[in-house]
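Note sheet for the following structure.
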Amino acid sequence: MAFIIAIDGPAAAGKGTLARKLSDHYGLPHLDTGLTYRATAKALLDAGKPLDDEAIAAEMAGAIDLGWLDRSVLSAHEIGEAASKVAAMPAVRVALVAAQRRFAETGKGAVLDGRDIGTVVCPDAAVKLYVTADPELRARRRFDEIIARGEAADFDRIFEDVKIRDARDMGRADSPLRPADDAHLLDTSKMGIEAAFQAARAIIDARSDH
Ligand code: C5P
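Throughout the sequence shown, residue numbering follows numbering that gives the first Met the number 0, covering 0 to 209 in sequence.
Here it is as structure tokens:
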């Protein structure tokens, strides 16, 4: 059976950084599943289609090629907002979850990060991590990233967006963001991302099957 590391958590908690570090360390391929929702949203925006037509959105989702997910293009704020709307539609999730499971189950193992990996996509994952952090600190990290890129940012707006995104992701009926019952909680506001990486390694290394 493939050795799957499932990482979930809200936006800007540090799960992407943690997933990339674990992927490098264990030599496992990594899929940022948020990019699949972002790519679907971008395809709709580019085609001038509405974001709330489930049939069209599901068709776009079914055509997403996991080999062509470009983070630099998909990381734009408006695409993230549109992605969290598109992600509330069950038919979109069915199409993307199927592709994500194929990725997870091909080869010796994989690291996947998102919102529903431990609960829906890979409920039998070997290790489940739920990475969280205080919302204000997550907004601060986002703000600092944007400023570091030399762009303008408004902290209050970013903080507001973090809260809206959390409410949408945690409140939706289909696959809401929540820790799986058997997930290990890592709070990066208390421990920082490097310490979270060390804690995750200790959890993974304690298993004999990786
Ligand atoms: O993580 P990221 O910000 O790239 O995700 C964008 C949006 O995609 C999230 O706000 C969430 O609504 C959705 N998403 C999801 N399930 C996942 C990954 C992302 O619903 N597994």
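For glycine and all other residues, C-beta sits at the position ideal for the given N, C-alpha and C. Since this is a predicted model, take the numbers as computed values, not measurements.
Inset, instruction - Identify the continuous beta strand (DSSP E) that holds I4 and give its terminal residues. - result: 2-7
Inset, instruction - Return helix, strand or coil for A18, following the three-state DSSP convention. - result: helix
Legend entry - Cut-off 6 angstroms between Cβ atoms - residues of its own chain near D115, not counting five sequence neighbours on either side: S174
Inset, instruction - Tell me, please, which residues DSSP counts as bridged to L185. - result: V130
Inset, instruction - Apply the 10 Å Cβ neighbour rule to R92 and answer buried if 16 or more other Cβ atoms are within range, or exposed otherwise. - result: buried
Inset, instruction - Would you mind stating whether K39 and M59 have Cβ atoms separated by less than 8 angstroms? - result: Residue identity check: residue 39 is Thr in the sequence provided, not Lys. A contact, by the Cβ cut-off of 8 angstroms.
Inset, instruction - Would you mind listing the beta strand (DSSP E) stretches within the segment 126-173 that are 3+ residues and don't spill past its ends, in chain order? - result: Restricted to the segment 126-173, the beta strand (DSSP E) segments that are unbroken, complete and at least 3 residues in length are 126-131, listed in chain order.
Inset, instruction - Rank A1, G113, P49, I192 by C-alpha distance to the C-alpha of L176 and give the top, closest one. - result: G113
Inset, instruction - Could you pull the start and end residues of the beta strand (DSSP E) that A30 belongs to? - result: According to the sequence provided, residue 30 is Leu. The question's Ala does not apply to it. 29-31 is the span of the beta strand (DSSP E), which, as asked, contains L30.
Inset, instruction - Provide the residue span of the beta strand (DSSP E) that contains A103, from first to last. - result: According to the DSSP assignment, A103 belongs to no beta strand (DSSP E) but to the alpha helix (DSSP H) extending over 89-104.
Legend entry - C-alpha distance - R101 paired with A109, whole-angstrom precision: 11 angstroms
Inset, instruction - Identify which residue in D7, A205, I3, R200 has its Cα closest to the Cα of D165. - result: D7
Legend entry - A86 - partner residues in DSSP beta bridges: In DSSP, A86 forms no bridge with anything.
Legend entry - Whole-angstrom distance between G13 and K189, CA atom to CA atom: The alpha-carbon of K189 is positioned some 12 angstroms away from that of G13.
Inset, instruction - Under 7 angstroms Cβ to Cβ from I192, same chain only, skipping five residues before and after it: list those, please. - result: Shown here for I192: same chain residues with a beta carbon closer than 7 angstroms to its own, the five before and five after excluded, namely G13, T16, L17 in chain order.
Inset, instruction - Please find out if some non-hydrogen atom of the ligand C5P comes closer than 7 angstroms to the beta-carbon of T16. - result: no
Legend entry - Check whether L21 and A182 have beta carbons under 8 angstroms apart: no
Legend entry - Closest residue to M27 among C121, L34, I4 (Cα-Cα distance): Contrary to the premise, residue 27 reads as Leu rather than Met in this sequence. Among C121, L34, I4, the Cα nearest to that of L27 is on I4.
Legend entry - Residues near V96 in its chain [Cβ-Cβ closer than 6 angstroms; skip 5 each side]: V120
Legend entry - Stretch pair the segment 142-149 + the segment 42-59: three plus CB contacts closer than 8 angstroms: Three or more Cβ pairs closer than 8 angstroms define a contact, and the segment 142-149 falls short of that threshold against the segment 42-59.
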